[in-house]
Amino acid sequence: MYIHEYQAKTILYKFGLPIPKGFVVKTKNNIESKLKNFKHMPLVVKAQAYTGGRGKCGGVLIAKTVSDARKKIESMLGMKIVNAQTGSEGKTTWAVYVEQAISIKKEFYLSIIIDRAIAKPTIIFSAAGGINIEELAKKDMGQIIKIPIDITTGPMDFQIRQIIFGAKLNMACFKELKHIIIGIYNAFITNDASQIEINPLALDMQNNLVILDAKMTFDDNALYRQPNITKLYSAKDSIPSEVEAAKNDLSFIKMDGNIGCVVNGAGLAMATMDIIMQHGGSLANFLDIGGTANVESISKAIKIVLDNHKVKTILINIFAGIVKADMVADSIISTIPTLKTKPNIIIRLLGTNSEYAKQKLQEANINVFFTSNIEEAVQKAVANAKQTG
Ligand code: ADP
Ligand code: MG
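Quick note: the sequence shown uses the working numbering, first residue 2, plus one each step.
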């Protein structure tokens, strides 16, 4: 789950971090009076859309007067940001954040993520901040400092020095940088974040370090114990079928192809995707119905997959263990008459009660292709998808 910059800054402020003064605007009402009460000119007007790269496409603008700021805020509210990060559909600006403008001497990059290879929170720092770090990583890894953190100690003084020496900073900033790194680390751990990215961390003309941009994402699996973070969730901008799937405890990710998949178990779902691709097919989605699937949730899963107009072929690949094959068959049999379209349905069912399931599907006299062989199922699905386009 991700949140807006202004929400991330509110969280980081509570951890004692240096955040410029600012306020958020969500509607066009009273903008002028809010600006008059805000005594920090010039200011920066920042689009709150779920994307980065706003600076390069009109989503971060400087304003020198109240009327200039008001015009910029008004034109930014509701604006679409379209860049490499958003894809062609773009992301909507749901709010505008107004913040005091800082005179910047230098911009740094600071983030914290979990490095899965070593299973540790890892701080990433670069003196080449403000720009796209992925581009920099491709060109010059030497400019990126990675510091793995031992969770029993948190960031240590020698690691702050490693950053200072590595990024050729002045030792005079030790105390301030330590304060920022420990604050970011504590915010990361306390909130079950999966990433906090500060780009840029700016050095201002008074040689103070200031957090100018903040992106925070959270571990979805920990949201159950983070009610204050969960409250910030907004389904705006999310893919509707993914939101619907999440409500039904289905792991669903929409993709660009035309073969819909309904599978149980993430491993089998991935293997099914691999086999489909090996046979030249393209996938419309990833979907794991999970071990707690029942007649209703499988029916919902089929409908969510078919909600995509590209899908005319659907492959249901279930290995019945915890989930019983005859229950899957019951769900399919009761769902088919309720579908708005008539897709090609290919079913591969194996495991507990699969013979009984096969018998039920045959007796129901519905138009499905049934097999216990995965190769056959996939070949059929790919051939059908090629025919129907
Ligand atoms: P994004 O990463 O989406 O482009 P940022 O918040 O990083 O958005 O803003 C882009 C650039 O705008 C920053 O690199 C910085 O140079 C400038 N900027 C952002 N906020 C401020 C601010 N409060 N004062 C001065 N400059 C700012
Ligand atoms: Mg940025």
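Each residue gets a CB set at the ideal place from its N, CA and C atoms; glycine is no exception.
Owing to the predicted nature of the structure, the values given are computational and were not obtained by experimental measurement.
Q) Ile323 to Ala294, Cα distance in whole Å? A) Approximately 9 Å, taken between the alpha carbons.
Q | Asn133 (DSSP reduced to helix, strand or coil) | A | In this structure, DSSP gives Asn133 a state outside helix and strand, which the three-state scheme calls coil.
Q | Beta bridge counterpart(s) of Phe219 as assigned by DSSP | A | Ala194, per the DSSP bridge assignment.
**Q.** Straight-line Cα distance separating Ile260 from Gln279
**A.** Those two C-alpha atoms are separated by around 13 Å.
Q) How many Å lie between Ile346 and Ser335 at the Cα? A) Note on geometry: alpha-carbon atoms of Ile346 and Ser335 lie some 14 Å from one another.
Q | Where the alpha helix (DSSP H) containing Ile119 begins and where it ends | A | Premise fails: Ile119 is in no alpha helix (DSSP H) and is neither H nor E.
**Q.** Three-state secondary structure (DSSP) of Phe320
**A.** Phe320: strand per DSSP, three-state reduction.
Q.
Helix, strand or coil, according to DSSP, for Glu108 in the structure here?
A. Three-state DSSP puts Glu108 in a strand.
Q. Which residues have a Cβ closer than 6 Å to any heavy atom of ligand 2, listed in chain order?
A. That gives Gly53, Asn200 and Asp214.
Q: Taking 8 Å as the cut-off, decide whether the C-beta atoms of Met328 and Val296 are in contact.
A: Cβ distance < 8 Å, so Met328 and Val296 count as in contact.
Q: Could you tell me which uninterrupted beta strand (DSSP E) segments, each at least 3 residues in length, are contained entirely in the segment 272 to 302, listed from first to last along the chain?
A: Within the segment 272 to 302, the complete beta strand (DSSP E) runs of at least 3 residues are 286 to 289.
Q: Would you check if the distance between the CB atom of Ile103 and the CB atom of Leu13 is smaller than 8 Å?
A: Not a contact, by the Cβ cut-off of 8 Å.
Q. Among Ala247, Asp220 and Cys174, which residue has its Cα nearest to the Cα of Val211?
A. When each option's Cα is compared against that of Val211, the closest is Cys174.
Q) Does the Cβ of Glu117 have 16 or more other Cβ atoms within 10 Å, making it buried, or fewer, making it exposed? A) Note on residue identity: the sequence assigns Arg, not Glu, to residue 117. Per the 10 Å Cβ criterion, exposed.
Q) Taking the C-alpha atoms as reference points, what is the distance between Gln363 and Ile240? A) Roughly 36 Å separates the two Cα atoms.
Q. Roughly how many angstroms lie between the CA atoms of Leu204 and Val263, to the nearest whole one?
A. Rounded to whole angstroms, Leu204 to Val263 spans 51 Å at the Cα level.
**Q.** Nonlocal neighbours in the same chain, by C-beta distance under 6 Å from Ile119, ignoring five residues either side
**A.** Residues of the same chain with a CB within less than 6 Å of the CB of Ile119, apart from the 5 flanking positions on each side, are Pro149 in chain order.
Q) Are Ile183 and Pro156 close, meaning C-beta to C-beta below 8 Å? A) A distance below 8 Å separates the beta carbons of Ile183 and Pro156.
**Q.** Residue range of the unbroken alpha helix (DSSP H) whose run includes Gln163
**A.** Counted as a single uninterrupted DSSP element, the alpha helix (DSSP H) harbouring Gln163 occupies residues Asp158 to Gly167.
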